[in-house]
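Notes for the one structure printed next.
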Amino acid sequence: MRSLERGARRLLGALDAGANRAWGWRWNPLHQSGTIAVAMLLLLLATGAYLIFVYRISAPSESVARIAASPWLGGWMRTVHRYASDVFIVAAVLHLVRIFAQSRSWGPRVVAWLSGLMLLGAGLVCAWTGFVMAWDSFGERLAREGARLLDVLPIFSEPLSRIFAGDRPVPSAFFFVNLFIHIGLPLAMGALLWLHVSRVARPVLLPPRRINWTIVALLIVAAVMFPARLGPAADPFITPGETPINFFTAWWLPLSERAPAGLSWGFGLAVALGLVLVPRLARRPRQDSLAPSVVDSRLCTGCNQCPQDCPWEAITMVPRDDDRPTLVALVDPMRCVSCGICAGSCAPMGVGPPGRTGRDQLADVRLVIGADIGHLAAKPAVAVCCAQAPRQQVDALRSQGAHVHMVSCVGNLHSSVVEMLIRSGAPGVVVCGCPPRDCTSREGPKWLGERLFNDREAELQPRVDRRRVKVMTLAPGTAKEVLAQFLELAEGFAALDRPEVEPGEPELECEPTVVVAGKGRR
Amino acid sequence: MSARLGRVAIGVLAGAFAAALIVAGSAVSLPLRSGDSGRIRLSWSARPERIETCRTLSDEEVAALSEHMRRQVECEGRFATYALEVTVDGQLVEQSVITGGGLRADRPIHYLRDFEVADGKREFRLSLVRRETVPETPGADDAGPDRERDDDDHDDDAARREPGRSERERSERRRREQTALPPLLELDTTIVIQPGQVVIVTFDPVRQEFGFVTR
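Taken in order, these protein sequences are the chains called A and B. The first sequence begins at 1 in the numbering used here and counts up by one. The second sequence begins at 1001 in the numbering used here and counts up by one.
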């Protein structure tokens, strides 16, 4: 399983690198695969709501041909519906691969993993029934194969396959049931989607508007320019020479048609079982770096910050069992994924995964500084890097003279660590995180920025010179930009230590800014 | 400025490429048949023949049964199985043993099989032969009417309770026999198959014969 995860990580890294080069990490749609799938689901509902009014179960192929031929609304609406279903499947599969590669399928995320699988399965069945609705040669082929596969189950008194044999007309009841499934499943998908995000705080359901509307616009343009092909109307007495097959939802069809039904079932069930078992096979012992957070009740002031920041709603405030008048944080280990966000949120450093609380982080930094308090001053900067950041980029920073300090996630980083590094003589601290929408802890970069620059608890103290604290994003495929950015920042830090050139000139107040690498400046 | 324009151009091109992938993958043309071949589809539903031995129950046996189970004739047996052979131009393309549906093989036969044949004029031969031999014994219908008459004459009470019971049993047996597959069915003919055409061979339960369905 570990080697599969590594393979998936490499594949994802390559895809991300390509997408980051093309669009920049901020607009990389691969980071938004889950939300894009939801956006496509909404687009499917919107276009489907129109199509359902012009579709006739009594004359399926004729009505779809009429829709496809309509130059105004129907033609491109149907095509957008089709392309949106393709994008939905692609986005959902990419989302699944990302979650698998980042080993985010097990522990408290099992519900999300399983409900995600069900959403993907429901999407595939929906696509299947949608193609059957068109009742062209491809739809007929799908219906035949579905019936053939169902016929090996001993549940129908008469084989379903005979419906399509041609010695009698296909009953309209079949199209009614098919339509019922096609409409009913998306409703079930709504419930599954709720379940999918039910265990996360502040779920993000839609991609940024720019990505969302760009994809919608692209689909509409593609629909107008390249209307979805409709095969010849289904006819049991004619086998067309070729038929247009939807690769995304029916890549398996030509293989399954040639295989015995039992083998197709065996393959499908093996894949489904393998996916269902991923959380079991991928899980790690919940110890060391994966141990759930703990609360030191002596230090907890009951400020209620850690429950607000926890991306998994794993922390609640409960009455204390001593005589202090405040509440105390309580971590539910069944929901905690050990992201360490809470450690960065706690001013008195009383919560966090064992070995990663604010106090533990300070102890680590003290070890780094050691007896030679001046050695950090000789470095161009200290780079505090996320453990998930691309290794080559971290090494590149190191090769530029930066002192690299690794943390499990930048959201885990306590602001006191930054302060201690500055006070220890570091010319500047560059915190290097992952793209916000690709953070395995979900909200690491978001809370980091808030804590360093927007006074969110536990904020970076005002006494720290903000000009010496910067944030960068390390994303695959942006090594050149990251390096250039780092050198620019290091030069800026160095400039701060140079004596003023023109005495008497009024000192400019510097606005705190977040500087990011690559094309994603803001 | 030019670097920024270059980036925008790359982004647009990448977006167009992604959209092109979606469009291309949305309808990949795949061949459904090889060359100019056609298909012959065997598709029918029929009841297998019931091979049974019947006997007329005595008055005492009938009286011993619960009222609602008082059958005049009791039959025991099983359903026939059939050997199917299909040849095209003398070449065997299908050979199988067909049994009734269901775990006890007592449900109707539903048969569906497709095979590809080259287009043109083809000698087609199909034979469906019952595999079991049936012993020559007096049928239930031979005993039935007498039994019915006996009942009518000697058991007015039973006749009043279940008028026409024996006749109903007889007609049910007749109906089953009439709709069942006969012991031997053959179809030997020449057909012309066009490229891509599907010729359906089906069973007509009324005429008790196989026939073609084409457009």
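Where is the CB? At the ideal position from N, CA and C, for every residue including glycine.
- Among the CB atoms of chain A, none fall inside 7 Å of the CB of Leu1005/B.
- In its chain, beyond the 5 residues on either side, Ser1045, Gly1101 have a beta carbon closer than 7 Å to the beta carbon of His1110/B.
- Counting along the chain, the unbroken beta strand (DSSP E) around Asp1188/B starts and ends at 1184-1193.
- Interface annotation, Val1093/B: not in contact with chain A, CB-CB separation never under 7 Å.
- Bounds of any alpha helix (DSSP H) do not take in Ile238/A, whose DSSP letter is neither H nor E.
- Listed in chain order, the alpha helix (DSSP H) runs fully inside the region 20-99 of chain A are 33-54, 60-69, counting runs of at least 4 residues.
- Nearest CB-CB separation between Val1198/B and chain A: below the 7 Å threshold.
- Each residue's CA atom was taken as its position, placing Asp1114/B and Ser1029/B some 22 Å apart.
- Here Leu96/A has Gly116, Leu120 as same chain residues with Cβ atoms under 7 Å from its own Cβ, once five neighbours each way along the sequence are excluded.
- Note that the C-beta distance between Asp1089/B and Gln1194/B is not below 7 Å.
- If you compare the alpha carbons of Arg1070/B, Gln1095/B, Gly1025/B with that of Gly1164/B, the shortest gap goes to Arg1070/B.
- Taken through DSSP and simplified to helix, strand or coil, Trp447/A comes out as helix.
- DSSP places Phe1079/B inside the beta strand (DSSP E), whose first and last residues are 1073-1079.
- Put simply, the CB of Ser264/A is far from chain B, with every gap to its CB atoms at 7 Å or more.
- Ranking Met317/A, Pro427/A, Val87/A by CA distance to the CA of Leu42/A puts Val87/A first.
- Contact annotation: Ser441/A and Ile341/A have beta-carbon atoms nearer than 7 Å.
- Counting only runs of at least 3 residues, the region 302-388 of chain A fully encloses the following beta strand (DSSP E) elements, listed from N- to C-terminal order: 315-319, 327-331, 382-386.
- About 6 Å separates the beta carbon of Met133/A from that of His182/A, a gap short enough to meet the 8 Å contact definition.
- Annotated three-state conformation of Ile155/A is coil, per DSSP.
- According to the DSSP assignment, Gly1120/B belongs to the beta strand (DSSP E) that extends over 1120-1130.
- For Trp23/A and Lys446/A, the gap between their C-alpha atoms comes out near 21 Å.
- Against Thr1202/B, the close residues of chain A are Asp167, in the order they occur along the chain (beta-carbon pairs closer than 7 Å).
- Not a single C-beta of chain A is nearer than 7 Å to the C-beta of Arg1113/B.
- Residue environment: Ala37/A is assigned as buried (16 or more neighbouring CB atoms within 10 Å of its CB, all protein chains considered).
- The bridge partners DSSP lists for Pro435/A come to none.
- Here the alpha carbons of Gly268/A and Arg1168/B stand approximately 50 Å from one another.
- The C-beta of Arg1039/B comes closer than 7 Å to at least one C-beta of chain A.
- Taking 7 Å as the upper bound on Cβ-Cβ separation, chain B lies near no residue of the region 42-75 of chain A.
- No Cβ of chain A is located within less than 7 Å of the beta carbon of Arg1047/B.
- Per the coordinates, the alpha-carbon of Gln287/A lies some 48 Å from the alpha-carbon of Val80/A.
- Annotation for Leu299/A: Pro348, Gly350 place their beta carbon closer than 6 Å to its own, counting only its chain and skipping 5 residues before and after.
- Legend: CB atoms of the region 1021-1038 of chain B lying less than 7 Å from CB atoms of chain A belong to residues Ile1022, Val1023, Gly1025, Ser1026, Ala1027, Val1028, Ser1029, Leu1030, Pro1031, Leu1032, Arg1033.
- Rounded to whole angstroms, the separation of the alpha carbons of Val216/A and Gly352/A is 42 Å.
- Between the region 15-34 of chain A and the region 1008-1018 of chain B there are three or more C-beta pairs closer than 8 Å, enough to call the two in contact.
- Under the DSSP definition of a beta bridge, Ala1083/B partners with Val1097/B, Val1129/B.
- Nearest neighbour of Arg1207/B by Cα position, chosen from Arg1131/B, Ser1034/B, Arg1174/B, Leu1181/B, turns out to be Leu1181/B.
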